[in-house]
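> Quick one: the structure is below, and I'll ask about it shortly.
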Amino acid sequence: MEKKNFVSMIMGVIGGILFALGMCMCLVAEWGAFDQGVVVAVVGLVALVALPMVRRKMEGKSLVVRLSAKTIGTAALAVVGTLTLGIGMCMTMVWGAVLMVPGIVVGLLGIVLLLCLIPLCKGLR
1 MEKKNFVSMI MGVIGGILFA LGMCMCLVAE WGAFDQGVVV AVVGLVALVA
51 LPMVRRKMEG KSLVVRLSAK TIGTAALAVV GTLTLGIGMC MTMVWGAVLM
101 VPGIVVGLLG IVLLLCLIPL CKGLR
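Quick note: the sequence shown uses full-length UniProt numbering, first residue 1, plus one each step.
What follows is the structure, encoded as structure tokens:
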């Protein structure tokens with residue numbers, strides 16, 4: 001494993017875990033740790049935002065990426081797909097049996113949107 005891949009993996013795992021734990025601390029009222037959760041989530045978010053810059057520095061590239069229409073479209077598709085999948089999960093798990101089947105359909109649509117990112121980013125051969 002290359003050093004840049006190892007550093008990316010470690011930063012991604014630490015940032016993801018801290019962000020997820022912070023969000024849980026904020027959103028689970030029984031824990032009573034909203035303020036501490038915000039701090040933990042921000043630390044995780046900072047690690048995740050720094051990850052691409054650290055990786056680009058290790059690859060010898062400039063720290064900032066030039067924005068193109070493809071980059072903006074890919075990011076928009078990722079956000080829409082993630083939100084669609086999340087809405088489908090909420091429909092099935094939070095809002096109960098009434099929206100179970102529509103929630104599954106919406107969740108599958110979100111998964112399909114996220115799967116569209118693979119050929120968009122990697123291309124087809």
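Every residue gets a Cβ at the ideal spot worked out from N, C-alpha and C, and that includes glycine.
(1) With a cut-off of 8 Å, does the C-beta of Ala47 fall near any C-beta of chain D?
(2) Closest to Leu117 by CA distance: which of Ala75, Met1 and Lys61 is it?
(3) Can you tell me whether Leu51 is buried or exposed, with buried defined as 16 or more other CB within 10 angstroms of its CB?
(4) Quick one: grab the DSSP three-state call for Trp95.
(5) Specify the secondary structure class of Val64 as computed by DSSP and reduced to three states.
(6) Is DSSP giving Gly103 helix, strand or coil here?
(7) With DSSP collapsed to three states, give me the class of Ala41.
(8) Between which two residues does the alpha helix (DSSP H) carrying Cys24 extend?
(9) By DSSP, does Arg56 sit in helix, in strand, or in coil?
Once the coordinates are examined:
(1) Absent from the structure is chain D; it holds one protein chain and no more.
(2) Sorting Ala75, Met1 and Lys61 by C-alpha distance to the C-alpha of Leu117 places Ala75 at the top.
(3) Leu51 should be labelled buried.
(4) In this structure, Trp95 counts as coil in the three-state DSSP scheme.
(5) Residue state for Val64 is assigned as coil, using DSSP reduced to three classes.
(6) Reduced to three states, the DSSP call for Gly103 is helix.
(7) Assigned with DSSP and collapsed to three states, Ala41 falls in helix.
(8) In the DSSP annotation of this structure, the continuous segment of the alpha helix (DSSP H) that includes Cys24 starts and ends at Lys3 to Leu27.
(9) Of the three classes helix, strand and coil, the one that applies to Arg56 here is helix, per DSSP.
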